[in-house]
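Visitor: Chains as they are written, first to last, in our numbering: chain A, 1 to 231; chain B, 232 to 746. This is the structure I want to talk about, given as structure tokens.
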Amino acid sequence: MSAGKILIVDDDPQIRRVMRSTLTAHGYEVNDARSGEEGLEELRNSSYDLVLLDMNMPGMGGLEACRTIRSSSEAAIIMLTVNNTEQQKVEALDAGADDYVTKPFSTPELLARIRASLRRLPQLPGQSDLQPLAAQGVNIDLSSREVGVHGRTARLTAREFGLLTYFLARPNKTITHRELLQAVWGPDYGDELEYLRVFVNRLRKKIEPDPSKPIFLVTDAWAGYRFHLPQ
Amino acid sequence: MTSVREVRVPESALVARVGKQVNPDSRKSRLPLRRNLQLILRVWAALAFIAATTFFLVRVVPVNDTTAGFLYLVAILVIATRGGLIESTIASFAAMLCFNFFFLPPVGALTIADPRNWIALFAFLATSLTASQLSVRAKRRAVEAEDRRGEVERLYALSRALLLMDTSHPIAKQIVQQIALSCEIPGVALYMRNTGEVHRVGLEDSEIEFSLREAAVRSSVLKDQEKNLIMTPIRLGGEPIGSLALNDGALSDAALQSLLNLVAIGLERANSQKAMTQAEVARQSEELKSTLLDAIAHEFKTPLTSIKAVTTDLLSGSPRPLEPHERELISIVDESTDRLSKLVSDAIQLARIEGGSFRLQLGVHFVHSLISTAIRQMKSVIDDRRIDVVVPDDLPPVRVDAGLIHVVLTHLLDNALKYSPPDNPITIGARLSEGEVVVYLADRGKGIAAEEQGQIFAKFYRGSNERHLQGTGMGLAIAREILRAHGEDIAVSSSPGQGSEFSFGLPIAPGGIPR
Numbered sequence: 001m002s003a004g005k006i007l008i009v010d011d012d013p014q015i016r017r018v019m020r021s022t023l024t025a026h027g028y029e030v031n032d033a034r035s036g037e038e039g040l041e042e043l044r045n046s047s048y049d050l051v052l053l054d055m056n057m058p059g060m061g062g063l064e065a066c067r068t069i070r071s072s073s074e075a076a077i078i079m080l081t082v083n084n085t086e087q088q089k090v091e092a093l094d095a096g097a098d099d100y101v102t103k104p105f106s107t108p109e110l111l112a113r114i115r116a117s118l119r120r121l122p123q124l125p126g127q128s129d130l131q132p133l134a135a136q137g138v139n140i141d142l143s144s145r146e147v148g149v150h151g152r153t154a155r156l157t158a159r160e161f162g163l164l165t166y167f168l169a170r171p172n173k174t175i176t177h178r179e180l181l182q183a184v185w186g187p188d189y190g191d192e193l194e195y196l197r198v199f200v201n202r203l204r205k206k207i208e209p210d211p212s213k214p215i216f217l218v219t220d221a222w223a224g225y226r227f228h229l230p231q
Numbered sequence: 232m233t234s235v236r237e238v239r240v241p242e243s244a245l246v247a248r249v250g251k252q253v254n255p256d257s258r259k260s261r262l263p264l265r266r267n268l269q270l271i272l273r274v275w276a277a278l279a280f281i282a283a284t285t286f287f288l289v290r291v292v293p294v295n296d297t298t299a300g301f302l303y304l305v306a307i308l309v310i311a312t313r314g315g316l317i318e319s320t321i322a323s324f325a326a327m328l329c330f331n332f333f334f335l336p337p338v339g340a341l342t343i344a345d346p347r348n349w350i351a352l353f354a355f356l357a358t359s360l361t362a363s364q365l366s367v368r369a370k371r372r373a374v375e376a377e378d379r380r381g382e383v384e385r386l387y388a389l390s391r392a393l394l395l396m397d398t399s400h401p402i403a404k405q406i407v408q409q410i411a412l413s414c415e416i417p418g419v420a421l422y423m424r425n426t427g428e429v430h431r432v433g434l435e436d437s438e439i440e441f442s443l444r445e446a447a448v449r450s451s452v453l454k455d456q457e458k459n460l461i462m463t464p465i466r467l468g469g470e471p472i473g474s475l476a477l478n479d480g481a482l483s484d485a486a487l488q489s490l491l492n493l494v495a496i497g498l499e500r501a502n503s504q505k506a507m508t509q510a511e512v513a514r515q516s517e518e519l520k521s522t523l524l525d526a527i528a529h530e531f532k533t534p535l536t537s538i539k540a541v542t543t544d545l546l547s548g549s550p551r552p553l554e555p556h557e558r559e560l561i562s563i564v565d566e567s568t569d570r571l572s573k574l575v576s577d578a579i580q581l582a583r584i585e586g587g588s589f590r591l592q593l594g595v596h597f598v599h600s601l602i603s604t605a606i607r608q609m610k611s612v613i614d615d616r617r618i619d620v621v622v623p624d625d626l627p628p629v630r631v632d633a634g635l636i637h638v639v640l641t642h643l644l645d646n647a648l649k650y651s652p653p654d655n656p657i658t659i660g661a662r663l664s665e666g667e668v669v670v671y672l673a674d675r676g677k678g679i680a681a682e683e684q685g686q687i688f689a690k691f692y693r694g695s696n697e698r699h700l701q702g703t704g705m706g707l708a709i710a711r712e713i714l715r716a717h718g719e720d721i722a723v724s725s726s727p728g729q730g731s732e733f734s735f736g737l738p739i740a741p742g743g744i745p746r
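Shown next as structure tokens:
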């Protein structure tokens, strides 16, 4: 049995060749595409657990491809970028990527990121934890990962869902950045504050009645985040 | 068609040029003569009209003295509406004499028998003089109104033409042509103070350039009686930006002032459009440079990515551990890849910063978090080296581009790690000094010789004893450029054997008063 099905989308043939060879050797089932358009076509035809997506490609760029994939697929997305500026990283995460790796990267690092992205989700919260949320007009369907807020529905990605369930299992308690990153992304993480900023914002947009004035997912300045559940 | 000439005024004397079509001197001397002749003719015509009226009243239709007085008044009014004040006044006196001679008793003599008739005679004279004055004044008003209307029409035509000017061609030249065309002025010249150019239509006389420049520099109106020209400064916001010469008397003062305002606005509009175009070109070039650098970065990093992926995979020892000598060879490839990758990153960073193709994204940040982020970014290089961070809690926040300050700190940290022994700690700290936050980074390495301290910030400079260490020689140059973009600078203090300390200031965020 394969460790997971991965689609590589990169315009450089050598990179596709190396990735294909390395990932196959580590037990993954691998396919590749030369452009964003080809990648989207491939994703329509079969399902993948993870997409390795190059940021800088001719034609449809990586960011646009990422947004399009995110709107129709729940596969984990890892963006490969040349530029390691904060702005590019945030752009990648904002476009819906779960993680990013800066080129040139080391293979063990990439493998660790892939493993983290395909990791099982944390323990699901019980239905009783969700009742106070329902009382505030927020409905979460744990089986379909759908969230409804005042008639507006949105689907959570695996990583967003992982983050939300971790919060729900620890209501009204400040959780440090490091703890959140290690629990939801994996033990190799802990310093990537921009991940949390982007993902918490994404979650707020989906579960908060007014994302600019969060009532559930509150920031505890300099410490971390807290999920506020009305008793 | 009128020719337009453009001359750059040199600092030295200008070569005299003789005008071809117009000789203003001869025209000026002929003018008053013709005017005098016309006046004499008109006076004679008025006197002839009074004589004809008298003949008609005495010989053709004899009337009494009252009727004659009224008819003379009618004749004076006719003369006043047709002619000027001089002929109507002379005609009034002539009519009074005729009235007295032919109609007031004793008829045929310039004496008056009945004293009451003196009153009638003076009443007649006063009425005729007043009537002729009123009539002439009304006529002059009508002519003036007509002139104003003409001027307003011409100024309107000019303003429309100035609005529709083609800004891709020289504006000043077009303005001069439009003034000559719309206002029907035969000679116009425009001096531009910023370029020193003179644009002209008609006035082919080189000597006006001096007066034009003087009018602009002194910001005062100059008149050239000889050439019948008026030179007026063109001001914008009180500042003279040039001057305009045109035939004196071609426009009323008010119209001239409006014309000057129109020209000033037209020039200003053209200037601002030019500035906008230049800004747009600069923006596009900046964008192009940035795109080019991105493309270069991508092209270099892509093959490096493949190499790095292969070497790291082999070195990971999975699925088969490497033989010691294989490991050594692959390690060399791997390290060289890292070096090449760093070189490309630094070169592109330096090109981007030096080429000005970056904009500061200023934000309010705490020095402590800037330092801890930089340390986090360098985690893999720092390994287990000791780094002491000394930042007081009460430091005010700073206003900087956080991404770029991280670059400065990582380059300095990289240097400190490289140039100091592994077991010596590195200190990064910050303190408040003279209204700004000073960040310093100290190592306990070999230090930098005094004669080298001035050179280390130069591009590609490598310490004379440090050539064996890997490095691009760009780190400190990049750090300095970034700090200069913030309006700050970097300093080093070092003595051999004692280590080095690099320090730089960061501006305190507005409102971030030291507690």
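Each residue gets a CB set at the ideal place from its N, CA and C atoms; glycine is no exception.
Where do the ends of the beta strand (DSSP E) carrying K520/B lie?
Guide: Looking at the DSSP string, K520/B is not in any beta strand (DSSP E); the run it does join, the alpha helix (DSSP H), is D484 to L546.
Visitor: Mind pulling the chain B residues with CB within less than 8 Å of Q14/A?
Guide: T533, P534 and S537
Visitor: Can you have a look at L365/B and say buried or exposed, based on whether 16 or more other CB atoms are within 10 angstroms of its CB?
Guide: exposed
Visitor: Any beta carbon of chain B sitting closer than 7 Å to that of N201/A?
Guide: no
Visitor: Kindly indicate which three-state DSSP category R155/A falls into: helix, strand or coil?
Guide: In the three-state scheme derived from DSSP, where H, G and I count as helix and E and B as strand, R155/A is classed as strand.
Visitor: Check each candidate in K677/B, H637/B and G314/B and name the one with the smallest Cα separation from I659/B.
Guide: For I659/B, the nearest C-alpha among the options comes from H637/B.
Visitor: Just mark G685/B as buried or exposed, buried being the case when its beta carbon has 16 or more other beta carbons within 10 Å.
Guide: exposed
Visitor: Quick check: what's the CA-CA separation for G548/B versus L560/B?
Guide: 14 Å
Visitor: Which of the three DSSP states, helix, strand or coil, is assigned to F334/B?
Guide: coil
Visitor: Is V687/B helix, strand or coil when you go by DSSP?
Guide: It is worth fixing the name first, because residue 687/B is Ile in this sequence and not Val. Shown here, I687/B sits in coil according to DSSP, grouped into three states, outside any helix or strand.
Visitor: Would you mind telling me which residues of chain A sit closer than 8 Å to A528/B, beta carbon to beta carbon, in chain order?
Guide: V82 and N83
Visitor: Using a Cβ-Cβ cut-off of less than 8 Å, give me the residues of the segment 93-106 of chain A that come near chain B, in sequence order.
Guide: K103, P104, F105 and S106
Visitor: Which residue wins for smallest C-alpha separation from F733/B, given the options L482/B, D455/B, R617/B and A722/B?
Guide: A722/B
Visitor: Identify the contact partners of S547/B in chain A, using a Cβ-Cβ distance below 9 Å as the criterion.
Guide: Near S547/B (Cβ distances below 9 Å), the residues of chain A are S106, T107, P108 and L111.
Visitor: Classify H637/B as helix, strand or coil using the three-state DSSP reduction.
Guide: Helix.
Visitor: From the beta carbon of A420/B, is the nearest beta carbon of chain A less than 7 Å away?
Guide: no
Visitor: So that I know if they touch, is there some Cβ in chain D lying closer than 7 Å to that of T22/A?
Guide: This model lacks chain D altogether; the protein chains it does include are A and B.
Visitor: Could you pull out every unbroken beta strand (DSSP E) segment of at least 3 residues lying fully inside the segment 398-470 of chain B, listed in chain order?
Guide: 419-423, 428-432, 453-455 and 460-467
Visitor: For the putative contact between M423/B and G473/B, defined by C-beta atoms under 8 Å, what is the C-beta separation to the nearest angstrom?
Guide: 5 Å
Visitor: In this structure, does DSSP put F216/A in helix, strand or coil?
Guide: Three-state DSSP puts F216/A in coil, outside helix and strand.
Visitor: What residue from D32/A, A76/A, T68/A and A183/A has the CA that sits closest to L7/A's CA?
Guide: D32/A
Visitor: Note down the Cα distance separating L352/B from A306/B, rounded to an integer number of angstroms.
Guide: 16 Å
Visitor: Just the C-alpha distance for V598/B and G742/B, rounded to the nearest angstrom, thanks.
Guide: 16 Å
Visitor: Go through its chain and collect everything with a Cβ distance to D10/A's Cβ below 6 Å, but skip five positions before and after it.
Guide: R16 and D54
Visitor: Is E86/A close to chain B, meaning its C-beta is less than 7 Å from at least one C-beta of that chain?
Guide: yes
Visitor: Helix, strand or coil for M79/A, going by three-state DSSP, please let me know.
Guide: strand
Visitor: Let me check understanding here. Comparing Cα to Cα, which of S483/B, P628/B and R607/B lies closest to D191/A?
Guide: R607/B
Visitor: Are the CB atoms of A322/B and I281/B nearer to each other than 7 Å?
Guide: yes
Visitor: Is it buried or exposed, K610/B, if we count other Cβ atoms within 10 angstroms and call 16 or more buried?
Guide: exposed
Visitor: Please name the residues in the segment 625-637 of chain B whose beta-carbon is closer than 9 Å to at least one beta-carbon of chain A, in chain order.
Guide: A633, G634 and H637
Visitor: Cβ closer than 9 Å: which chain A residues qualify as neighbours of V541/B?
Guide: The answer, in chain order, is V18, S21, T22 and T107.
Visitor: Suppose only complete runs of 4+ residues qualify. What are the alpha helix (DSSP H) ranges in the segment 83-113 of chain A, listed by chain order?
Guide: 86-94
Visitor: When the Cα atoms are used, what is the spatial distance from G730/B to F531/B?
Guide: 36 Å
Visitor: If the criterion is Cβ atoms closer than 7 Å, does the pair L43/A and S73/A meet it?
Guide: yes
Visitor: Just checking F333/B against the ligand COA - is the residue's beta carbon closer than 6 Å to any of the ligand's heavy atoms?
Guide: As presented, the structure is devoid of all ligands, the ligand COA included, so that no description of it is given.
Visitor: List, in chain order, every chain A residue whose beta-carbon is nearer than 7 Å to that of R616/B.
Guide: Simply none; closest approach about 17 Å.
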